[in-house]
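*Asks:* There's a structure below that I have some questions on.
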Amino acid sequence: TETRPRLGAPSFLEDWPKLPAAVAIGDTTFKVEFYLDEEFGTPGAFIIRNLHKSEFYLKTMTLQNVPGKGKVHFACYSWVYPADKYKYDRVFFANQ
Numbered sequence: 001t002e003t004r005p006r007l008g009a010p011s012f013l014e015d016w017p018k019l020p021a022a023v024a025i026g027d028t029t030f031k032v033e034f035y036l037d038e039e040f041g042t043p044g045a046f047i048i049r050n051l052h053k054s055e056f057y058l059k060t061m062t063l064q065n066v067p068g069k070g071k072v073h074f075a076c077y078s079w080v081y082p083a084d085k086y087k088y089d090r091v092f093f094a095n096q
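Take the sequence shown: its position 40, counted from the start at 1, is 40 in the UniProt record's numbering, and no numbers get skipped.
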């Protein structure tokens, strides 16, 4: 049987922090909250659209408290350019 991909509700980084939490020199951590219905299943990918004027380098993203799974980690290690420069959103897949 074929499983059709499902999309969850979009989430946004509401206020780009002026002084975000630093993790290591040159690294920054942002917190974005997602709502995930328990019947959704384990996310295998996420879509990202950069609405900021500058590109940024996305190292990783970790979803925490995923129903039935706990954490889901995405190893991205890629530049995400502003949406006005590209026709398509970026897609990253889980490191499972």
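The C-beta atom is built at its ideal place from N, Cα and C for all residues, glycine as well.
All figures in this text were calculated on a predicted structure; none of them were measured in a lab.
1) List the endpoints of the continuous beta strand (DSSP E) containing LEU63.
2) Just how far apart, CA to CA, sit THR42 and LYS53?
3) Measure how close the beta-carbons of GLY8 and PHE40 come, nearest whole angstrom, since I'm counting them as under 8 Å.
4) Compute the distance between the beta-carbons of ILE48 and ASP89, then report whether it is under 9 Å.
5) Please work out which residues of its chain come closer than 6 Å, Cβ to Cβ, to GLY44, disregarding the five sequence neighbours upstream and downstream, and give them in chain order.
*Replies:* To lay it out plainly:
1) 56-66
2) 32 Å
3) 6 Å
4) yes
5) ALA94
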